[in-house]
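Residue numbers (the UniProt record's numbering), protein chains in the order written: chain A, 1 to 419; chain B, 1 to 323.
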Amino acid sequence: MTSRAAVTRPEAATHRDRARGCLLGLAAGDALGAPAENLTPAEIRRRWGRLTEIERGGTDDTEYAIFASSQLVRHGHALTSADVAAAYRAEVLPRITGPMRGAGFSELGTVEALRRGLEPPMTGLVHQHGWSDGLAMRAAPYGIFCPGDPAEAARLVEEDGRVSQSGEGVLGGRAVAGAVAAAMAGLPPREVVAAALSVVPEDSWTARAVTRAVTVVDQARQDRPAGHDPSSAQVRPGDAREPDDAEAALVEALHEAVVVRHYPWTDVAPEAVALALAAYLAGDGDVEASVTFAVSLGRDADTIGAIAGAVAGAGRGEGGVPARWAARIGPVAGTCLPVVAGRHVLTVADELTAAANHHRPTPEAGDDSRVSADAVPETGAGDDRADLPAPPPADRETGPRTGARADGPGGGSRTAKGQ
Amino acid sequence: MSGDRIRGAFAGLAVGDAVGWPAGRHRSALHAPWSRRLHRELDAFAEEHRVTTLPVPFALNQPVAPLALGPSDDAEWLAWTALTIDRPRAAAFRELREHSKDLRARISVATALDNLARGVEPPASGHDNPHHFDDAAAVRAVAFGALGRDPAEDARVTNAGDGVLGALAMAAAVAAAVATGSAGQAVEAALAVLPDDTAIGHNARLAIETARAAGDPFAAVPALDAALLDHVYSYAVGAAQTVPVALALAEVAGGALGRAVPAAACLAPLADSAPALTGAITGACGGFEAIPEGWTASARTLAGCCLPHLAGTDLIELTEELV
Chain A
1 MTSRAAVTRP EAATHRDRAR GCLLGLAAGD ALGAPAENLT PAEIRRRWGR LTEIERGGTD
61 DTEYAIFASS QLVRHGHALT SADVAAAYRA EVLPRITGPM RGAGFSELGT VEALRRGLEP
121 PMTGLVHQHG WSDGLAMRAA PYGIFCPGDP AEAARLVEED GRVSQSGEGV LGGRAVAGAV
181 AAAMAGLPPR EVVAAALSVV PEDSWTARAV TRAVTVVDQA RQDRPAGHDP SSAQVRPGDA
241 REPDDAEAAL VEALHEAVVV RHYPWTDVAP EAVALALAAY LAGDGDVEAS VTFAVSLGRD
301 ADTIGAIAGA VAGAGRGEGG VPARWAARIG PVAGTCLPVV AGRHVLTVAD ELTAAANHHR
361 PTPEAGDDSR VSADAVPETG AGDDRADLPA PPPADRETGP RTGARADGPG GGSRTAKGQ
Chain B
1 MSGDRIRGAF AGLAVGDAVG WPAGRHRSAL HAPWSRRLHR ELDAFAEEHR VTTLPVPFAL
61 NQPVAPLALG PSDDAEWLAW TALTIDRPRA AAFRELREHS KDLRARISVA TALDNLARGV
121 EPPASGHDNP HHFDDAAAVR AVAFGALGRD PAEDARVTNA GDGVLGALAM AAAVAAAVAT
181 GSAGQAVEAA LAVLPDDTAI GHNARLAIET ARAAGDPFAA VPALDAALLD HVYSYAVGAA
241 QTVPVALALA EVAGGALGRA VPAAACLAPL ADSAPALTGA ITGACGGFEA IPEGWTASAR
301 TLAGCCLPHL AGTDLIELTE ELV
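Structure representation (structure tokens):
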């Protein structure tokens with residue numbers, strides 16, 4: 001896949017730019033989708049028409065992606081499940097005092113398994129939510145770290161995933177990491193989705209769900225004249241237009257194709273990944289079109305938005321993320337994972353770029369000098385994690401703070417009850 | 001003798017099904033829907049008023065018979081399995097869906113029926129399923145095990161992974177119990193089909209070790225809770241929990257239903273199915289005649305709370321025709 005990097009868009013050609021676009025897109029999708037989580041598409045249309053403006057901070061998706069990034073920066077391609085389990089034991093478990101805010105079933109189930117002394121993969125197998133989208137939501141950094149190499153991105157994310165997930169939960173993470181890796185190489189949306197499918201077994205729920213969702217998007221395209229794709233219409237800031245009938249029909253058809261009806265929780269990985277990739281395709285890879293359509297689907301809207309935003313952002317680069325969204329993304333609060341408090345996705349993206357080049361035996365010419373020039377300091381005053389490159393000091397002080405999800409009873413769960 | 005043990009497996013499952021507290025909730029499905037709505041409102045009332053008087057299933061203006069001690073979902077699904085055991089399994093489920101629009105089923109089964117309707121065939125019907133890991137197939141596998149048949153085709157319609165392994169383990173345990181009357185051999189047969197590196201295989205060995213250390217079924221309850229239940233997820237019908245508990249309690253009770261089943265009912269989160277699975281294994285070990293008559297009398301007549309067409313069916317008479 002690396003050879004395909006030749007087709008990259010000139011304005012989004014560097015690894016650093018795509019990495020920043022990817023994590024910014026993830027954070028924006030997470031924040032935009034947060035108020036729509038578990039609402040029906042009809043209710044979302046009633047409240048917002050099309051939800052285009054970020055109302056509040058991001059949630060677990062952004063914080064767990066930052067946590068995953070720190071593992072990658074530390075261990076690179078040598079990352080193992082044991083490393084990730086050790087990080088949970090050292091950095092997550094001791095900081096849980098009282099409720100584990102923002103934790104879905106798979107995260108708390110994993111914590112309980114670790115507390116019992118189990119090791120991966122049993123930590124991901126033994127609880128009953130291994131197929132949640134908890135890995136898919138944090139898989140993008142693996143794609144950033146392995147541009148143009150979906151197979152390696154998938155291999156690495158599975159090392160992480162075996163700690164907390166099993167089965168289709170791992171496959172959902174593989175698909176997203178593979179998609180981001182392909183988007184990081186500048187591949188067009190259809191090939192990005194093909195890359196996601198290339199790293200999961202054909203005989204899997206994930207592959208079947210993604211395939212069904214893609215078919216639905218294709219069918220909608222055929223039913224509409226060219227240039228009138230339901231979700232790729234240009235959306236302007238503050239535009240709360242009523243989505244048209246064709247868009248509502250596409251939403252309904254996607255639900256019909258992949259949503260599990262007789263189940264109250266919405267964070268089923270095959271469903272979330274299929275809906276996110278469908279939104280990315282329907283939005284033709286445009287960040288705003290993909291993400292706004294993704295969150296219009298409801299269900300686990302923050303995670304679906306985060307995945308669509310990460311994949312689209314990797315393809316279009318930092319400039320592809322609407323400036324008004326980027327302005328709303330500040331350092332994370334650490335509500336879900338106190339260990340990542342104060343970290344900004346853009347800093348993390350730069351660290352991943354530096355790490356990707358550091359760990360790559362033969363860095364791509366052209367990219368390397370730029371990345372080296374932009375690389376952040378190896379350590380910094382004020383950062384208590386000596387083993388991680390520090391964010392620029394301004395990172396911690398400027399911009400609106402990302403308030404992670406509320407912590408009231410039930411409100412902190414990313415798997416709050418569905419419709 | 002083995003006829004008595006086959007009847008014992010069926011009756012033991014029904015007794016265990018009746019023992020668990022969820023049976024009353026399942027059986028109250030026979031009441032008018034507004035009655036259950038009132039129950040939900042009483043739950044909210046207790047929360048709102050901070051009163052610790054919790055509602056139980058009640059009969060306001062409704063017949064009281066459904067709330068008497070009796071079997072519920074598991075016994076009905078077992079009976080349906082026995083009645084349709086000669087049909088190809090996916091076809092049996094399709095026929096059930098067509099003829100019983102008002103059935104009630106586990107999430108795994110409801111999703112599998114949806115999958116079959118949209119053309120997703122087994123094994124994907126059981127695999128592309130958020131509750132593929134539950135013990136719905138393990139309950140049905142009691143019929144296959146008692147009659148010496150392979151439960152795999154049936155299990156794969158509604159389940160995958162641990163859900164299918166749970167069915168294989170239950171069929172193996174019940175078949176061994178019917179053949180030998182020995183709980184030890186039943187457990188050994190079950191462990192032989194449960195790989196170490198699966199959650200159900202890991203938990204089965206852990207549960208057995210835990211129960212042996214406790215030395216007695218009732219004494220094992222707290223240790224099993226601490227070792228096996230994580231109290232995280234909203235449902236507790238995972239085959240990786242219920243089947244291991246059933247195996248462990250059956251063994252440590254020496255196959256005695258009257259010692260094993262009450263202990264299983266004490267693990268409240270698992271009380272929907274662990275007592276039923278425990279009852280099936282120990283019922284087969286001791287045979288039908290060893291189960292207290294009062295229990296078999298209470299547990300043999302199906303209520304039709306999940307499969308309405310089975311209302312009034314006598315499970316033991318049905319079993320006589322199979323033996």
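Quick reminder that beta carbons are idealized off the backbone N, C-alpha and C, glycines included.
The model shown is predicted, which means the values in this text are computed figures rather than measured ones.
Check: Within 7 Å of chain A by C-beta, residues of the region 220-236 of chain B in sequence order; Outcome: 230, 232 and 233
Check: N-terminal and C-terminal residue of the alpha helix (DSSP H) that residue 121/A is part of; Outcome: That residue, residue 121/A, is in no alpha helix (DSSP H); it is neither H nor E in DSSP.
Check: Sheet register partners of residue 132/A (DSSP bridge); Outcome: 268/A
Check: Residue 70/B (DSSP reduced to helix, strand or coil); Outcome: coil
Check: Sufficient close CB pairs (3 or more, under 8 Å) joining the region 179-198 of chain A to the region 312-325 of chain A; Outcome: yes
Check: Stretch pair the region 71-88 of chain A + the region 139-155 of chain A: three plus CB contacts closer than 8 Å; Outcome: yes
Check: Reduced DSSP category for residue 12/B - H, G, I as helix; E, B as strand; rest coil; Outcome: helix
Check: Candidates 2/B, 51/B, 243/B and 149/B, of which the one nearest residue 187/B by Cα; Outcome: 243/B
Check: Whole beta strand (DSSP E) elements within the region 249-328 of chain A, 3-residue minimum; Outcome: none
Check: Contact under 8 Å by Cβ, residue 315/B with residue 14/B; Outcome: yes
Check: Cβ separation of residue 311/B and residue 304/B, assumed to be a contact under 8 Å, to the nearest whole Å; Outcome: 3 Å
Check: Any chain B beta carbon closer than 8 Å to residue 268/A; Outcome: yes
Check: Short CB-CB distance (under 8 Å) between residue 411/A and chain B; Outcome: Its pLDDT being 33, under 50, residue 411/A is placed unreliably by the model, and the measurement read from it follows with that caveat. No, residue 411/A lies away from the interface with chain B (no Cβ there is under 8 Å from its Cβ).
Check: First through last residue of the alpha helix (DSSP H) which encompasses residue 243/B; Outcome: 239-252
Check: Contact check, residue 33/A vs residue 301/A, beta carbons under 8 Å; Outcome: yes
Check: Exposure of residue 198/A, with buried meaning 16 or more beta-carbon neighbours within 10 Å; Outcome: buried
Check: Residue 282/B and residue 183/B closer than 8 Å at C-beta; Outcome: yes
Check: Rounded separation between residue 139/A and residue 111/A - CA only; Outcome: 19 Å
Check: Other residues of its chain near residue 254/A: CB distance less than 7 Å, five sequence neighbours each side excluded; Outcome: 213, 216, 275, 278 and 297
Check: Three-way DSSP call (helix, strand, coil) for residue 332/A in this model; Outcome: strand
Check: Residues of its chain near residue 110/B, where Cβ-Cβ distance is below 7 Å and the 5 sequence neighbours each way are ignored; Outcome: none
Check: Beta-carbon gap between residue 41/A and residue 251/A smaller than 8 Å; Outcome: yes
Check: Three-state secondary structure assigned by DSSP to residue 215/A; Outcome: helix
Check: Interface residues of chain A facing residue 316/B [CB-CB closer than 8 Å]; Outcome: Within 8 Å Cβ-Cβ: nothing; residue 316/B doesn't reach chain A, min ~32 Å.
Check: Residue burial classification, residue 390/A (beta-carbon count within 10 angstroms, cutoff 16); Outcome: Any answer about residue 390/A is weak, because its pLDDT of 37 lies below 50 and its placement is not dependable; what the coordinates show is given next. When all chains shown are included, residue 390/A counts as buried.
Check: Cβ separation of residue 299/A and residue 271/A, assumed to be a contact under 8 Å, to the nearest whole Å; Outcome: 7 Å
Check: Same chain, Cβ closer than 6 Å to residue 2/B, neighbours up to 5 away in sequence not counted; Outcome: 178
Check: Minimum C-alpha distance to residue 284/A - residue among 164/A, 193/A and 330/A; Outcome: 193/A
Check: Minimum length 4: unbroken alpha helix (DSSP H) runs contained in the region 52-115 of chain A; Outcome: 60-75, 81-87 and 105-115
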